[in-house]
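These protein sequences, in sequence, are chains A and B.
By the UniProt record's numbering, the letter at position 25 of the first sequence is numbered 25, and the numbering carries on one by one without gaps.
By the UniProt record's numbering, the letter at position 200 of the second sequence is numbered 200, and the numbering carries on one by one without gaps.
Beta carbons: idealized from backbone N, C-alpha and C, even for Gly.
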Amino acid sequence: MVDPEIRVVTIADLGILRAVEEDPVTGRVVVTITPTYTGCPAMDVIRADIRRALAAAGHPDAEVRTVHSPAWSTDWITDAGRAKLAAAGTAPPAPVRRDGVVPLTLSVRCPRCGSPETEQLSRFGSTACKALWRCRACSEPFDQVKTL
Amino acid sequence: MSGPFAFTLALGDDALIAAQRLAEWTTRAPEMEEDIALANIALDQLGSARLLLTYAGELEGAGRDEDALAFLRDDREFRNCLLVELPNGDFAVTMAKLLALSAYQLPLYTALAGCADERLAAIGGKARKESAYHLDHAALWVKRLGDGTEESHRRMQAGIDQVWPYVHELFAAQPEAPVDPATLRGEFDATVAAVLAEATLAAPQSGWTPAGGRDGVHTEHLSYLLAEMQVLHRAHPGARW
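Okay, here's the thing in structure tokens:
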């Protein structure tokens, strides 16, 4: 199932989908998801899409649970997800530093031409999880998934 | 103020009122990138507010959900700090408010992430990452404006001076709370002092310390904010998109 706002990756690619289980007693499917950002407005659509997909697959009584711990991290985006983001012109996030040092984004490579000569246009972007950049080599503006 | 319900309600109200105020900038910010930035920060605050108010409603056990708490209380029932209800002022005042709020929320949420209450710990663990980005954003602007032109410096200093009396309320001691806000003051002061120094701004002098938000005694600004925020829900109870 694709993410409703970044339609080139699935919710599994993004690490939003945490678990899919079947209740051994009732046989009910329980899907566990977690939001990228607390205020992510796509969550209602994601819940509805999951219910619709499971109903179509013969599980009309599926339950969707939302959890907040452990908190979502961009490190949960799969390698396949990163490749799909880059192919669609969105720069994937850098790995999260765990050593307590303030993260400093040294360079984001242009997903179009691969140049490291890029600049940040806006610290916030079209969705809660993205920032806006521009490539100085090929002049193309592009989204970057913010490291979180 | 005491007990987990009052504590959680106050944090939820801080985030909710901050979200509403920040959203007022939408379509009015100095540049489009900043319009998007302030709307995104407002959205993060709203996200935290929804989680905190939902949990506060469960702690209270009186059947109130996030909507009942957000839309069906009057000003005297709100427990937010005065800082977040103050008018936006000019952009420098807004950045001074955001610097103070995020420099308080970051250590608060970080401490909550390690507290014994599992729900508050989960919310803190998530919200602290967003607060860190808000703090970074506010600090960048305070430095840029403070260490900018003569006019931007004058207005940034005025913004800091105007907002500062209201930060003291944030750190009133609550020894029984899951996190005692008094324990956060040192980190807050260090964070802000470093930003102000780099911004070539003078540290504000301590003096007047208005308070009362945590007891429901607010400035006149909150009622007007609530009127706008609540009118639709009150005019059309239970309305859905």
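Review point. Nearest to C138 of chain A by alpha carbon, out of A:D13, A:Q144, A:P116?
Key: A:P116
Mind checking T118 of chain A: buried by the 16 CB within 10 Å criterion, or exposed? buried
Where T38 of chain A meets chain B, residues with beta-carbon distance less than 7 Å | D44, G47, S48, L51, K126, A127, E130
Please tell me whether S139 of chain A has its Cβ less than 9 Å away from any Cβ of chain B.
no
**Study point:** Through-space distance from A197 of chain B to Q186 of chain B, alpha-carbon basis
**Key:** Residue 186 of chain B is actually Gly in this sequence, not Gln. Roughly 16 Å between the two C-alpha positions.
Exposure of M32 of chain B, with buried meaning 16 or more beta-carbon neighbours within 10 Å: exposed
| said: For W72 of chain A, which residues in the same chain have their Cβ closer than 6 Å to its Cβ, ignoring the five residues on either side in sequence? | reply: T34, T36
Review point. Which value, in whole angstroms, describes the spacing of the CA atoms of Y104 of chain B and R144 of chain B?
Key: 21 Å
(request) Can you pull the chain B residues whose beta carbon is under 7 Å from the beta carbon of A53 of chain A, in chain order? (result) Chain B residues near A53 of chain A: none, gap ~22 Å exceeds 7 Å.
Looking only at DSSP bridge pairs, what is C135 of chain A linked to?
A:T118
**OP:** Give a yes or no on whether the minimum CB-CB distance between R123 of chain A and chain B is below 9 Å.
**Re:** yes
*Determine the chain B residues that contact A62 of chain A at a beta-carbon separation under 8 Å, and present them in chain order.*
Neighbours of A62 of chain A on chain B: none; closest Cβ ~22 Å, over 8 Å.
- prompt: Hey, quick one: how far does the beta strand (DSSP E) through E63 of chain A stretch, first residue to last?
  reply: 63-66
Quiz item: Residues of chain B with a CB under 9 Å from the CB of A94 of chain A: which are they?
Solution: Correct list: empty, because the minimum Cβ distance to chain B is about 14 Å.
query: How should A131 of chain A be labelled, buried or exposed, when 16 other C-beta atoms within 10 angstroms of its C-beta is the threshold for buried?
result: buried
Checklist entry - Counting Cβ pairs, one atom from each stretch, are 3 or more of them under 8 Å apart for the stretch 172-188 of chain B and the stretch 217-233 of chain B? => result no
Buried or exposed (CB count within 10 angstroms, at least 16 for buried), A96 of chain B: buried
Review point. Under a three-way DSSP split, which group does P93 of chain A fall into?
Key: coil
query = If we count the other Cβ atoms within 10 Å of its Cβ and call it buried at 16 or more, is W133 of chain A buried or exposed?
reply = buried
- prompt: T32 of chain A to E77 of chain B, Cα distance in whole Å?
  reply: 35 Å
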